[in-house]
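Counted from 1, the sequence shown has number 718 at position 298 by my numbering; the numbering is strictly sequential.
Just so you know, even glycine gets a beta-carbon here, dropped at the ideal spot from N, CA and C.
Note that this is a predicted model, so its numbers are computed, not measured.
Note sheet for the following structure.
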Amino acid sequence: MNTKHIFQTFAAPFLGILLFLAIWQIGAPKIVTSLGAVPGPVQVFDQFEGLVEEHQAARQKEADFYQRQEERNTEALKEDPKADVTIRPYTGKATFFDQIWTSIFTVMTGFVLAGLIAIPLGIVAGLSQTVYSAINPLIQLFKPVSPLAWLPIVTIIVSAVYVSDDPMFAKSFVTSALTVLLCCLWPTIINTTVGVANISKDLQNVSKVLRLSWWTHVRKIVLPSAIPMIFTGLRLSLGIAWMVLIAAEMLAQNPGLGKFVWDEFQNGSSNSLGRIIVAVIVIGLIGFALDRGMLLLQRHFSWDKSAALR
Numbered sequence: 421m422n423t424k425h426i427f428q429t430f431a432a433p434f435l436g437i438l439l440f441l442a443i444w445q446i447g448a449p450k451i452v453t454s455l456g457a458v459p460g461p462v463q464v465f466d467q468f469e470g471l472v473e474e475h476q477a478a479r480q481k482e483a484d485f486y487q488r489q490e491e492r493n494t495e496a497l498k499e500d501p502k503a504d505v506t507i508r509p510y511t512g513k514a515t516f517f518d519q520i521w522t523s524i525f526t527v528m529t530g531f532v533l534a535g536l537i538a539i540p541l542g543i544v545a546g547l548s549q550t551v552y553s554a555i556n557p558l559i560q561l562f563k564p565v566s567p568l569a570w571l572p573i574v575t576i577i578v579s580a581v582y583v584s585d586d587p588m589f590a591k592s593f594v595t596s597a598l599t600v601l602l603c604c605l606w607p608t609i610i611n612t613t614v615g616v617a618n619i620s621k622d623l624q625n626v627s628k629v630l631r632l633s634w635w636t637h638v639r640k641i642v643l644p645s646a647i648p649m650i651f652t653g654l655r656l657s658l659g660i661a662w663m664v665l666i667a668a669e670m671l672a673q674n675p676g677l678g679k680f681v682w683d684e685f686q687n688g689s690s691n692s693l694g695r696i697i698v699a700v701i702v703i704g705l706i707g708f709a710l711d712r713g714m715l716l717l718q719r720h721f722s723w724d725k726s727a728a729l730r
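Okay, here's the thing in structure tokens:
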């Protein structure tokens, strides 16, 4: 590893981040809003520590809540072994970190469901011009639709269809996941279709010579050849899914990071702006981590290990 490569890999990103933080720290106090001056990196980090402390306090409160119930139930059983004892669920307010995990679970649910639909559909469309001609108008029609337009439709349909006295998932979760699904289908379908349709003619001829069955042709020829384009579509879809989810949570007030941002905006306290910035940074970091995760999966499944992936 030469000096230039080390500089580009480690030093350049570090200097870029350092420069950004310096500009932020110097410029932020000069911008005064209705909630006070824009917080710099130091103040934002203080707010992050405050969120960590709130989360720890909430977890301790939850543990104490269940411990008190256990103690009451133990005493009740001592007095009457046949006593009917129950454990009530903790219903405390979700913390910032609870909202993070809610958003990650929701986005991955919608993304995985979208992939299970989009990849097979893209393969079939790539192999059949007739199927492609049939679904292409629908793709072009729905692809530009904003998630903010899908959200009320999905909300109304879920409220009408998803009716249960003891639902497995909350309606807010189902609504957010389906909105994510609808918005991140299209990049995967399009890229999978293009990847399959552009398989080398030589590979297609080999499949014909060997008289491979349709399923074997897909498994041995189509998927390995189309994997780079499939993963390109998946990475695009996951990025869109994450952005769509945050917007949907803000608009519908569904649990997650979007709701946290909106609640802090409505709160309007002196700490709100700093907390919103913390959430924005976390949203960006999670989006980056999700993309890097997809990149690692692409490197693992791709047959061409020498291909440059970024």
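Do Gly659 and Thr669 have their beta-carbon atoms positioned less than 7 Å apart in this structure? It should be noted that the sequence gives Glu, not Thr, for residue 669. Their beta carbons are not under 7 Å apart, which means Glu669 does not touch Gly659 by this criterion.
Does the region 626-641 come close enough to the region 584-600 that 3 or more CB-CB pairs lie under 8 Å? Proximity of the region 584-600 to the region 626-641 falls short of the contact definition, fewer than three beta-carbon pairs being nearer than 8 Å.
Can you list, in chain order, the stretches of the alpha helix (DSSP H) that have 4 or more residues and sit fully within the region 655-710? 677-687
Let me check one thing: in DSSP terms, what residues is Thr453 bridge-paired to? Gly456
In this structure, does DSSP put Tyr510 in helix, strand or coil? coil
Tyr486 - containing alpha helix (DSSP H), residue span: 461-499
Taking one C-beta from the region 423-440 and one from the region 471-489 each time, how about it: are there three or more such pairs within less than 8 Å? Touching, no.
Starting from the C-beta of Ser596, find all residues in its chain whose C-beta is less than 8 Å away, skip the five residues before and the five after it, and write them out in chain order. Cβ within range, chain order: Thr526, Gly530, Leu665, Ala668, Glu669, Ala672, Asn674, Gly676.
Report yes if the CB atom of Thr599 is closer than 7 Å to the CB atom of Pro567, and no otherwise. At the C-beta level, Thr599 and Pro567 come within 7 Å of one another.
Using the C-alpha atoms, what's the distance from Met714 back to Ser548? In a straight line, the C-alpha of Ser548 is about 28 Å away from that of Met714.
What's the call for Thr423, buried or exposed, on a 16-neighbour Cβ count within 10 Å? By the beta-carbon neighbour count (other beta carbons within 10 angstroms, threshold 16), Thr423 is exposed.
Run of the alpha helix (DSSP H) containing Met528, from where it starts to where it stops: 516-547
N- and C-terminal bounds of the alpha helix (DSSP H) containing Gln624: 621-630
So, at 6 Å on beta carbons, what are the nonlocal neighbours of Pro449 in its own chain, with the 5 sequence-adjacent residues on each side left out? Ala457
Can you check which of these residues, Gln480, Glu490, Pro648, is closest to Gly512 by C-alpha distance? Gln480
Measure from the alpha carbon of Val574 to the alpha carbon of each residue in Phe593, Pro564, Gly688, Lys563, then state which is nearest. Phe593
With a cut-off of 8 Å on the beta carbons, I'd call Thr652 and Ile539 a contact; round off their distance for me. That pair is no contact at about 12 Å.
Using only the alpha-carbon positions, how far apart do Lys502 and Asn493 sit? 11 Å
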